[in-house]
Amino acid sequence: MIPARPATRGRYAHGLAASSRPRPRSSELHGGMTSDGALPDVRQLDEAKRHLGIDHLLLQVHDASFPCDPDEEFGRGTPYSRAADRLYGFARQQGFDGIQLGPQGMTGRGQMSPYEATLFSRNPHNLPLARLAAEGLLDPAFVDACRRRIAAAPTPTPLALVETIFDEAVDRITERADDALRDQARAFLSVHRRWLVPDALYGALCREHGSGWWGTWHESSPQGAFDQRLFRPEPGEEDRAAARLTELAARHAVEIEHYAVIQWLLTVEQRRLRSRLAELGLTLFADLQVGLAPQDVWSHRSAFLADYLLGAPPSRTNPEGQPWGFTVLDPRQYGSEQSPGPVASFVRARLDRVLEECDGIRIDHPHGWIDPWVYRADTADPLEAVQHGARLFSSPDAAEHPALAGWAIARADQLDRDVEPHADRRVGGLDDAQVEAYGRLFSLIVERLQAHGRPRTSIACEVLSTMPYPVQRVLDRFHLGRFRVTSRLKLDDPTDVYRIEHARPADWIMLGTHDTATVWQHAQEWIRAGLAPDWTRYLASLAPGGRVVGPAPSPDGTAGALVASLFTAMLASEARNVSVFFADLFGMTERYNRPGTTNAENWRLRVPADFEAQYEARRRSGSVLDVPRCLAAASRQGAEQDPSSRSSGPL
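Shown next as structure tokens:
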């Protein structure tokens, strides 16, 4: 057996450190295939990962991107389809040990971004309609008719048609629900009433006040204005608000029960999914988004600031900045450890909900939990406002934001005035008490994770090109790393944070993310720009003997070999966590998401239903990511490092 790599040994600390890893038996793997030309056994791939010191190798797929077989195709994907189940088995055979989902909540009408979805309620669009018909919850004739409507529609399927079909399906499911299902839903409602009732009532009140957003209910009537603040009543209105909620719950009892039926069915599906993944040897990672859906803001208004919003400052990723318009948790409502305030209660409830059915979490934009970039909500131009924003806890004397001084953790003498307010090194010299203060909310995340029996190593923090000093100190406190997005690295900047040699064991390394162009698109652009030799030299500088280690050049040109060599170098890096976005695995050049873009194609890219056949055909031409082959190459690279330490053993 090949021993597990010691946790303290680095792989790219300075080039490649000496290795004690034994050489794999040549009879076991040749270029990612066994000696008889078959795919290696999963155990061999797991052993290769242990040999390389890799703790996680995740495949990232968002719910709507999952494949569906033709008879279960209704305009979008679902992680609960038969084709999705095949994808899980396929991923395991490729060497993956986990699936990274995106946020799984409901999106608003005409919205596709899962990062603005509900925090507690799951998306009914994930319901596996064909299977529910087989189980008697839907009329097969209705499902067949829906399938024909989808087949006759253009591609991608118009979102309005998808919404209509699932609206009709939800109504029919709740009509056909038998007593046993209703009893299960009622039991579920009794446990989760805190979020189920407000989420169900939100839809009812949107209809009553003629607006799909709570922020304009006041335009309909005085009652609409009062319902806007139902969960944050003015002083003296508390009894009236409680009475109104009681009256609404009674009037809409049937609707609430129907809502619970659907949420219960989705919970059952999620539990089945997690059980199935466990059988395959796959973990399940959820996504803790930083943004909120309107119904979450409405029902938790007491936890948020009224006059500031969350955004992203100018950065390498987005030079203009991004006015996301997300709400900001109110520091006055944190409470104490002995007496938690609305914020702590909200965060705990949110974490408990997401951790019920997953093994780990990706934390979207951790800065928002530690030291968010905020801008005034009352500014006419949001982009200008975010460009003149400030850090919530690092602005003791910002002239444009005097209100933030009272929440400052950093002192004025700890600020570097020679850099921009959003610069990573704007703040410095924090003491341990200050770091603990910056990490109050983040500590709650870790606390709930451990309460659910999950280790800290099951946290992936989406820190990209910017890591302000307070964020760095908080992550260091919990021994957590950042993202290293290798397709975005700068060849001409040895200090660039995305370079492979800078990866550390706690980091998560990846070719790209759901927000970037695919690595295949990048590789084609590098080749057209004449940068392939520069990439070859860079990757060679990381490899023992100054050679690029990876699969041989592919028949279709150099893109396949370039991507394979890049991924091989990632596998051999110090980072113990690797993530692959599905578009990079399948060799796609189409882009999944262009941040800030709203059109019919954004967020719609999917794994094809015949992904196995397409992958195999493209694997032979070197135009997909051949994970087993790259694992074998990375293992050989390690074995070749220090010949005197090699010993025979299976990979």
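Each number in the numbering used here corresponds to the 1-based position in the sequence shown with 64 added.
Even glycine gets a Cβ: it sits at the ideal position worked out from N, Cα and C.
These numbers were taken from a predicted model, which means no experiment stands behind them.
Measuring CA to CA, which of 511, 432 and 669 is closest to residue 651? On the sequence shown, residue 651 is found 587 positions in, with the first residue counted as 1. Residue 669 is the option with its Cα nearest to residue 651.
How far does the beta strand (DSSP E) with residue 390 in it extend, from its first residue to its last? Here residue 390 corresponds to residue number 326 of the sequence shown, with the count starting at 1. 386–393 is the span of the beta strand (DSSP E), which, as asked, contains residue 390.
Measuring straight from C-alpha to C-alpha, what distance separates residue 449 and residue 466? Numbered from 1 along the sequence shown, position 385 holds the residue referred to as residue 449. Numbered from 1 along the sequence shown, position 402 holds the residue referred to as residue 466. If you take the alpha carbons of residue 449 and residue 466, they lie about 15 angstroms apart.
Only counting runs of 4 or more residues, tell me where the alpha helix (DSSP H) segments fall wholly within the region 258–339, in order along the chain. 286–292 and 302–315
Taking contact to mean at least 3 C-beta pairs separated by less than 8 angstroms, is the region 305–316 in contact with the region 235–242? no
For residue 222, which of 475, 549, 663 and 689 has the nearest alpha-carbon? Here residue 222 is taken as the residue at index 158 of the sequence shown, counted from 1. Checked all of 475, 549, 663 and 689; the closest Cα to residue 222 is 663.
How far does the beta strand (DSSP E) with residue 120 in it reach, from first residue to last? By one-based count along the sequence shown, residue 120 stands at place 56. Segment 120–124, the beta strand (DSSP E) holding residue 120.
Cβ shell of residue 367 (< 7 angstroms), same chain only, five flanking positions each side left out: Your numbering for residue 367 matches position 303 in the sequence shown. Correct list, in chain order: 393, 394, 397, 406, 407 and 410.
Burial state of residue 346 (16 or more Cβ within 10 Å): On the sequence shown, residue 346 is found 282 positions in, with the first residue counted as 1. Residue 346 should be labelled buried.
Helix, strand or coil at residue 521 [DSSP, three-state]: By one-based count along the sequence shown, residue 521 stands at place 457. Three-state DSSP puts residue 521 in a helix.
Do residue 551 and residue 578 have their C-beta atoms closer together than 9 angstroms? Position 487 of the sequence shown, counted from the first residue, corresponds to residue 551. Position 514 of the sequence shown, counted from the first residue, corresponds to residue 578. No, the Cβ-Cβ distance between residue 551 and residue 578 is not below 9 angstroms.
Given a cut-off of 9 angstroms, decide if residue 633 and residue 595 are closer than it, judged by their beta-carbon atoms. To locate residue 595, count along the sequence shown from 1; it is residue 531. To locate residue 633, count along the sequence shown from 1; it is residue 569. No. Outside cutoff.
State the Cα-Cα distance for the pair residue 419 and residue 213, rounded to the nearest angstrom. In the sequence shown, the residue the question calls residue 419 occupies position 355. In the sequence shown, the residue the question calls residue 213 occupies position 149. Approximately 37 angstroms, taken between the alpha carbons.
Residue 543, buried or exposed, once every other Cβ within 10 Å from all chains shown has been counted against 16: In the sequence shown, counting from the first residue as 1, residue 543 sits at position 479. By the neighbour-count rule (16 or more Cβ atoms within 10 Å), residue 543 is not buried but exposed.
Environment of residue 138 [buried if 16+ CB atoms lie within 10 Å]: As a first step, residue 138 is located in the sequence shown; it is residue number 74 there, counting from the start. Within 10 angstroms of the beta-carbon of residue 138 lie 16 or more other beta-carbons, which makes it buried.
Among 361, 527, 295 and 421, which one has its Cα closest to the Cα of residue 780? The structure shown has nothing for residue 780, since the chain only spans 65 to 715.
Could you tell me which uninterrupted alpha helix (DSSP H) segments, each at least 4 residues in length, are contained entirely in the region 515–561, listed from first to last along the chain? As for any alpha helix (DSSP H) of minimum length 4 sitting wholly inside the region 515–561, the runs are 533–541, ordered along the chain.
Apply the 10 Å Cβ neighbour rule to residue 124 and answer buried if 16 or more other Cβ atoms are within range, or exposed otherwise. Looking up residue 124 in the sequence shown gives position 60. Answer is buried; the Cβ neighbour count reaches 16.
Using a Cβ-Cβ cut-off of 8 angstroms (strictly less than) and excluding sequence neighbours within five positions of residue 348, which residues of its own chain qualify? Here residue 348 refers to the residue found at position 284 when the sequence shown is read from its first residue. Contacts found: 162, 163, 165, 337, 338, 341, 421, 422, 423 and 424.
Could you have a look at residue 437 and say whether DSSP puts it in helix, strand or coil? Within the sequence shown, residue 437 is the residue found at index 373, counting from 1. Note: residue 437 maps to strand in three-state DSSP.
To which residues of the same chain is residue 654 closer than 6 angstroms at the C-beta, ignoring the five residues directly before and after it? For the purposes of this step, residue 654 is taken as residue 590 along the sequence shown, with counting starting at 1. Here the set comprises 669.
Is the CB-CB distance between residue 184 and residue 520 below 9 angstroms? Along the sequence shown, read from residue 1 onward, the residue named residue 184 stands at position 120. Along the sequence shown, read from residue 1 onward, the residue named residue 520 stands at position 456. No, Cβ-Cβ distance for residue 184 and residue 520 is not below 9 angstroms.
Check whether the region 350–363 touches the region 423–441, taking contact to mean three or more Cβ pairs, one atom from each stretch, closer than 8 angstroms. They touch, by the three-pair rule.
Proximity to residue 498 [Cα-Cα], best of 541, 451 and 200: The residue given as residue 498 occupies position 434 in the sequence shown. Taking only the C-alpha atoms, the option nearest residue 498 is 541.
Output the distance between the C-alpha atoms of residue 186 and residue 686, rounded to the nearest integer angstrom. For the purposes of this step, residue 186 is taken as the residue at position 122 of the sequence shown. For the purposes of this step, residue 686 is taken as the residue at position 622 of the sequence shown. Each residue's Cα considered, the two are about 38 angstroms apart.
Candidates 494, 291 and 676: closest to residue 688 by CA position: Start at 1 with the first residue of the sequence shown, and residue 688 comes out as number 624. Measuring from the Cα of residue 688, the nearest candidate turns out to be 676.
For residue 22, does the three-state DSSP call read helix, strand or coil? Residue 22 is absent from the model: the chain starts at 65 and stops at 715.
Quick one, are the C-beta atoms of residue 630 and residue 112 less than 9 angstroms apart? Indexing the sequence shown from 1 puts residue 630 at position 566. Indexing the sequence shown from 1 puts residue 112 at position 48. Result no, Cβ atoms of residue 630 and residue 112 do not sit closer than 9 angstroms.
Contacting residues, own chain, Cβ-Cβ under 8 angstroms from residue 135 (five flanking each side not counted): Taking the sequence shown and counting its residues from 1, the one referred to as residue 135 is at position 71. Counting only Cβ-Cβ distances below 8 angstroms, and skipping sequence neighbours, we find 194 and 211.
Could you compute how far the alpha carbon of residue 576 sits from the alpha carbon of residue 298? Taking the sequence shown and counting its residues from 1, the one referred to as residue 576 is at position 512. Taking the sequence shown and counting its residues from 1, the one referred to as residue 298 is at position 234. Taking the straight line joining both Cα atoms gives about 47 angstroms.
Terminal residues of the continuous alpha helix (DSSP H) containing residue 625? For the purposes of this step, residue 625 is taken as the residue at position 561 of the sequence shown. 623–635 is the extent of the alpha helix (DSSP H) around residue 625.
Given this structure, state the Cα-to-Cα distance separating residue 491 from residue 390, to the nearest angstrom. Translated into the one-based positions of the sequence shown, residue 491 becomes position 427. Translated into the one-based positions of the sequence shown, residue 390 becomes position 326. Residue 491 and residue 390: Cα-Cα distance of roughly 24 angstroms.
Do residue 459 and residue 469 have their CB atoms nearer than 9 angstroms? Stepping through the sequence shown from its first residue, residue 459 is reached at position 395. Stepping through the sequence shown from its first residue, residue 469 is reached at position 405. Contact: yes.
Nearest CA to the CA of residue 205: which residue from 182, 219 and 233? Locating residue 205 in the sequence shown gives position 141, counting from the first residue. The residue with the shortest Cα to Cα distance from residue 205 is 233.
Roughly how far, in whole angstroms, is the beta-carbon of residue 453 from the beta-carbon of residue 375, given that I think they are within contact range, below 8 angstroms? By 1-based counting over the sequence shown, the position of residue 453 is 389. By 1-based counting over the sequence shown, the position of residue 375 is 311. Yes, residue 453 and residue 375 are in contact; Cβ-Cβ is about 6 angstroms, under 8 angstroms.
Between the beta-carbon of residue 324 and the beta-carbon of residue 258, is there less than 9 angstroms? If you number the sequence shown from 1, residue 324 lands on position 260. If you number the sequence shown from 1, residue 258 lands on position 194. Contact flag unset, no.
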